[in-house]
Each structure stands twice: as C-alpha cells, then as structure tokens.
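Notes to accompany the following structure.
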Amino acid sequence: MSQNTNPNEMSFLDHLEELRWHLIRSTLAVVIVGFVAFFMKDFVFDTVLFGPKKPDFPTYGVFCKLSKLLGFSEAFCSTEPIFRVQSRVMAGQFSAHIWTSIWVGFIVGFPYILYEMWKFISPGLYEKERRSSKGFIFIASFLFFLGVLFGYYIVAPLSINFLGSYSVSKEIFNDIDLSSYISTVRASVIACGLIFELPIIIFFLTKVGLVTPEILKKYRKISLVVVLILSAVITPPDVASQIVVAVPILILYQISIYISRLVLNKEAKKLKKQKQG
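Throughout the sequence shown, residue numbering follows our numbering, covering 12 to 288 in sequence.
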C-alpha cells in the first residue's frame, strides 16, 4: 500500500488485494529462509535441534551447579544421554526435515513478517500515531527472539530433561519418536517467543482503548493464576520449572502495566495541548 494512497479511497476488495500481496511476500520470505535451512540440516538438527538433548548442553551445566549449591536433586548433572530419538514412519525423517525447515524460516523471517504487517497497517494510521510507533519492528523482533532464546535455553531443556528421563518402570526404555521430540522443542520456542510479545500487545490494546493500567492491576491475581497454568502447560509438572517460566512472564506483565500507563499519560498530555491550543 503506497504511503501516498488514502486508505479511505480504497474499497474492501482493494484492501484484500493488498493484504494478499503482503501475505504472499511474507510466505515467500519464510520459504526462502526455509530453503536455506533445508540445506543446512547438519547444523539445524545436530547442533540446534538436538542440542538440548545432549548432556553437555550449557543449560545443564548451569542448572547442575545451581542444584548442588541449593542442595536439590542432581538430575541435571548426568553425563549419559537421557534417551534415544527414533523415527518409526517411512517418511518420518523427510517430513521432519521439511517442516523443521519451514519453522526455522518462520522464526528467522519473523522481523520481515512484522515489516509486511506494518506496511499494511501503517497507512491507515495518523502521522502522529506512526511516529509514536516508531521502532515497533525492532522492539517486537527483539522481544520475540528474546522469548525464543528463553524457550530454547530454559523451557526446552527443562521439559526434555524431565519428560525424557521420567520412568514408571525399569522395564521401559525411553525411545522418543522424532516428531514428538521436535514438537516439544518447537512448542517451547514458539510459545515463549509469542508470550514475550505481551508488552507490544498491551501497547496497541491501550492505544485503541481496550486496556488500561487499572484493568491490568484489577486482574493481576487472575493473571497470576493464568500464568501458572500456562507455565504448567509448557513446562514439566514440577514446581521449580514452573517458577522459572512464570517469573519472566510476570515481569513482562508488570512492564506491560507500566507501558499502558505511559501510553495513557502521553494521550492525556496530547489532549491537554490540543485544548490549550
């Protein structure tokens, strides 16, 4: 959509056409990055994807030292592989290769997807709103990648270590299916990446008048319960893991309250200047 185009002069079908091209370009970016990832399978799978399953993964060393220091279980100090990963479907490995490449394309191409979204939305905003939202792509991308790193280095190892070593009987050996392992890592990474976008979401909800700091404070206790439930869903069912995940989310929630208050204060100052003018 051109910056010189007045959105009011465009029909509904014109907007749909614009949206279609933004979606096509976003999809193309994901495919291109995914195509590169497809030919880097040794790095993507052996180094990145299977990294959290290896005993020498950096997170385990840190957790091992912390568990010894605090006198907890030394489950993270194991030097042996926790489990084996297997593929029991004829096209299992090929299918995993393709879909993992696509997800890598989505994660790496996320800033460009945001850019295309912004290009579609921004012409409908006032000039002042565009200026006040300057840096949106950078901040949103930063938060997303921060969440991805948190999911990869904290949530995924916690989940893999607990679920991969859990046993109900010595008669059972954990041979984890490839698709199950990948979905665990993917869910941890993508979920955390999207959860870390909370301040950005609150910013825009405040701008359109759907959220206020008072509302966020009023429902803080309910939000705490939701966060704990969410932590229980994306982490192993032990208290320590849930706290590790819940604390950053609660911090993000508190930051969101501050951002909401900041937005409203700016709006109040703007109205005051308009009245004085």
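Quick reminder that beta carbons are idealized off the backbone N, C-alpha and C, glycines included.
Around the beta carbon of Y163, 16 or more other beta carbons sit within 10 angstroms, so the residue counts as buried. Sequence-distant Cβ neighbours of A167 in its own chain, meaning closer than 6 Å and more than five residues away, are P63, V196, S199. Burial check for E182: the Cβ neighbour count within 10 Å stays below 16, so the residue is exposed. With fewer than 16 other CB atoms across the displayed protein chains lying within 10 angstroms of its CB, N276 is exposed.
C203 sits away from F153, with the two beta carbons spaced by 8 Å or more. With at least 16 other beta carbons inside 10 angstroms of its own, V222 counts as buried. Between E29 and F131, the alpha-carbon positions lie close to 7 Å from each other. Annotated as proximal: I124 and S37, with beta-carbon spacing under 8 Å.
The way I'd put it, the segment 211-227 does touch the segment 268-275; three or more beta-carbon pairs between them come closer than 8 Å. If you draw a straight line from the Cα of V55 to the Cα of L27, it is about 36 Å long. Secondary structure of V55 (DSSP, three-state): helix.
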